[in-house]
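Position one of the sequence shown corresponds to residue 9 (my numbering), numbered consecutively onward.
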Amino acid sequence: MTEETRIIKKKVKKVLDKDRYQHTLGVAYTAASLAMRYGMDVDRAFLAGILHDCAKNIPNDEKFALCKKYKIKLSDVEIAAPSLIHSKLGAVLGEKLYGVKDAEVLSAVKYHTTGRPGMTMLEMIIFTADYIEPGRNLAPNLHEIRQMAFIDLQTAVTKILGDTLDYLATKKQPVDPMTEKTYNYYCSLSEDVSSK
Ligand SMILES: [Fe+2]
Ligand SMILES: [Fe+2]
């Protein structure tokens, strides 16, 4: 771990509650393991994992104030469901508050909840690590998705998106349109592969 990452880890510990910090460590170590599997930089994956939920415990009114301060545009879904804001805001705080300059680390934080069409490897790693870290235990198909993450990351990402959309639909929770867009993108990719 670099000195920068060590310092950021300490700072993030102070702004998260105990359970959220425990989850954060789970994501960071899982992301590091996936980086090892796919030949990516382990420290960058660990750092993105440490940062991904750094805005999660900020009270909603403060979240809105910070978005205003940093001129972060919010969608109607985000205004209605402010918990969705923590990814975007986390990426901006990663830069402004924690001094991270690595654009790909910041974008992995930004898209960790919804993903986006055409994710980079690091973005897919954080998106997946957030879902499969050892502290998670409620999602269906976790056993299978955890294995798949270390076999074929893109297939794991597609499965996570599908299961997330199913879950939100049954719970009648708001869906960020980006999640649907990302799911359709990854489904079309896997159709391309299977039709070859
Ligand atoms: Fe999150
Ligand atoms: Fe998370």
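We put the beta carbon where it would ideally sit given N, CA and C, even for glycine.
Check whether residue i and residue j have beta carbons under 8 Å apart
i: glycine 102; j: leucine 59; result: yes
i: isoleucine 140; j: alanine 39; result: no
i: arginine 52; j: phenylalanine 158; result: no
i: valine 85; j: alanine 99; result: no
i: methionine 9; j: phenylalanine 72; result: no
i: tyrosine 119; j: serine 95; result: yes
Distance, residue j Cα to residue i Cα
i: threonine 136; j: aspartate 27; result: 19 Å
i: glutamate 152; j: leucine 92; result: 26 Å
i: proline 185; j: glycine 123; result: 11 Å
i: leucine 130; j: aspartate 69; result: 31 Å
i: glutamate 188; j: proline 67; result: 27 Å
i: arginine 14; j: glutamine 155; result: 29 Å
i: serine 115; j: aspartate 49; result: 16 Å
i: isoleucine 87; j: aspartate 110; result: 28 Å
Unbroken alpha helix (DSSP H) run spanning residue i, endpoints
i: isoleucine 140; result: 129–140
i: valine 20; result: 11–23
i: aspartate 27; result: 26–45
i: alanine 164; result: 161–178
i: methionine 48; result: Per DSSP, methionine 48 belongs to no alpha helix (DSSP H) and is neither H nor E.
i: arginine 144; result: Arginine 144 -> no alpha helix (DSSP H), and no H or E assigned at all.
(request) Starting from the N-terminal side, write out each stretch of the alpha helix (DSSP H) that is 4 residues or longer and does not extend beyond the stretch 54–124. (result) 68–77, 84–88, 94–104 and 111–118
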